[in-house]
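Comments concern the structure below.
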Amino acid sequence: MSTKILVVEDDAAIASVLKDGLGAAGYSVQVASNVADAQRIIENELFHVLIMDWMLPDGTGVDLCTRARRAGLNTPVLFLTAMNSIDNKVAGFDGGADDYLTKPFEVPEVLARVRALLRRPEAIQYKPLKIRDVELDQRRKTVTLKSEEVKLHPQEFKVLELLMNSPGRVFSGEELLTKAWPTDTDAANEAVRSVILRLRQKLDLDEDNPLITTIKGFGYRLEA
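See below:
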């Protein structure tokens with residue numbers, strides 16, 4: 006499997022330079038131009054390195070990185086930004102960055118920094134998602150409750166993965182259906198309700214403090 010890199014950059018020219026340079030070095034590169042798209046991509050795909058700009062049209066790379074870290078993402082993050090003050094760099098590292106490179110930049114240095122991040126031990130680069138007593142391993146496709154493996158169907162796993170990647174966020178039934186079911190499916194919202202019910206039966210042991218709650222009229226939320 007090729008090494009996957011997500012570039013979060015709203016300047017099309019810079020994004021193109023990075024995509025071409027990284028691609029020529031043998032990396033598989035995907036580009037997001039705003040926080041919302043990057044968040045969606047990160048929630049649904051695994052990457053080996055994230056390269057983020059600071060200032061984006063709908064927010065900042067620092068906020069995106071901070072939320073991802075809180076959700077359990079441990080992928081190495083390189084900030085590539087024109088924000089070059091010491092205070093900016095401190096804020097970037099405090100927000101979860103692993104490396105920080107200021108613009109203007111040279112592609113060979115970006116490649117060198119990516120190689121350095123990829124030399125980190127696998128255990129440091131990646132860790133399973135863990136909320137309360139539930140642990141979800143996105144690579145092994147396993148879920149454990151209090152260290153005991155719980156067997157989940159593929160749709161159950163995908164829905165739980167989405168919820169655990171964004172604890173506290175409300176997902177509508179339509180969004181879960183779009184993201185967790187094949188595009189050619191004829192499944193309806195009843196399928197989502199059935200999956201949520203089964204997840205509760207398998208994982209929600211505390212009736213007074215449920216792991217997955219229904220927000221009437223809006224959707225479902227995982228309570229961290």
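When you line the sequence shown up against this note's numbering, it's residues 6 to 229, in that order. Ideal Cβ placement from N, Cα and C applies to all residues, glycine included.
Have a look at the DSSP bridge pairing and note the partners of residue i.
i, result
"PHE84", "MET57 and TYR105"
"LYS9", "SER33"
"LYS135", "GLU140"
"GLY224", "ILE220"
"VAL40", "Beta-bridge pairing links VAL40 to no other residue."
"MET176", "Note on residue identity: the sequence assigns Phe, not Met, to residue 176. Paired residues: TYR225."
What residue range is occupied by the uninterrupted beta strand (DSSP E) comprising residue i?
i, result
"GLU153", "153-155"
"LEU150", "147-150"
Beta-carbon within less than 6 Å of residue i's beta-carbon, same chain only, minus the 5 sequence neighbours each way: which residues are those?
i, result
"LEU23", "VAL12"
"VAL112", "GLY26"
Leaving aside the five residues before and after residue i along the sequence, list all residues of the same chain whose C-beta is less than 7 Å from its C-beta, in chain order.
i, result
"PHE98", "TYR105"
"LEU208", "VAL139, LEU150, VAL155 and LEU216"
"ALA41", "ASP63"
"SER171", "GLU48 and ALA76"
"LEU249", "Here the chain comprises residues numbered 6 to 229, so residue 249 is not present and cannot be evaluated."
"ASP15", "SER38, ASN39, ASP58, LEU61 and PRO62"
"VAL82", "LEU55, MET57, CYS70, GLY101, ALA102 and ASP103"
Which residue wins for smallest C-alpha separation from residue i, given the options the options?
i, options, result
"SER109", "ALA102, ARG120, PRO187 and ASN89", "Per the sequence presented here, residue 109 reads as Pro, with Ser not at that position. Among ALA102, ARG120, PRO187 and ASN89, the Cα nearest to that of PRO109 is on ASN89."
"PHE84", "VAL95, PRO159, GLN160 and THR147", "VAL95"
"LEU227", "PRO187, ALA196 and LEU165", "LEU165"
"VAL197", "ASP213, GLU212, ASP211 and GLU180", "GLU180"
"ILE91", "GLU153, ASP142 and THR107", "THR107"
"ASN93", "GLY222, ASP68 and VAL200", "ASP68"
"GLY66", "ALA43, THR80 and GLU50", "ALA43"
"ASP211", "ILE19, ARG74 and ARG137", "ARG137"
"ALA20", "THR219, SER152, LEU78 and THR86", "THR86"
"GLY222", "ILE201, LEU182, LEU51 and GLY178", "GLY178"
"MET200", "GLN160, ILE220, ASN214 and ARG174", "It is Val, not Met, that sits at residue 200 in the sequence shown. With distances taken between Cα atoms, VAL200 lies closest to GLN160."
"ARG144", "GLU50, ALA17 and VAL119", "GLU50"
"VAL34", "VAL119, ASP142 and SER152", "VAL119"
Could you please give the first and the last residue of the uninterrupted alpha helix (DSSP H) stretch that includes residue i?
i, result
"GLY66", "66-75"
"LEU202", "194-208"
"PRO159", "159-170"
"ASP92", "91-99"
"PRO62", "Premise fails: PRO62 is in no alpha helix (DSSP H) and is neither H nor E."
"LEU122", "112-123"
Beta-carbon separation of residue i and residue j under 8 Å?
i, j, result
"MET169", "LEU134", "yes"
"TYR225", "PHE176", "yes"
"LEU167", "ALA193", "no"
"LEU116", "ALA30", "yes"
"GLY101", "THR71", "yes"
"TYR32", "ILE10", "yes"
"LYS132", "ASN79", "yes"
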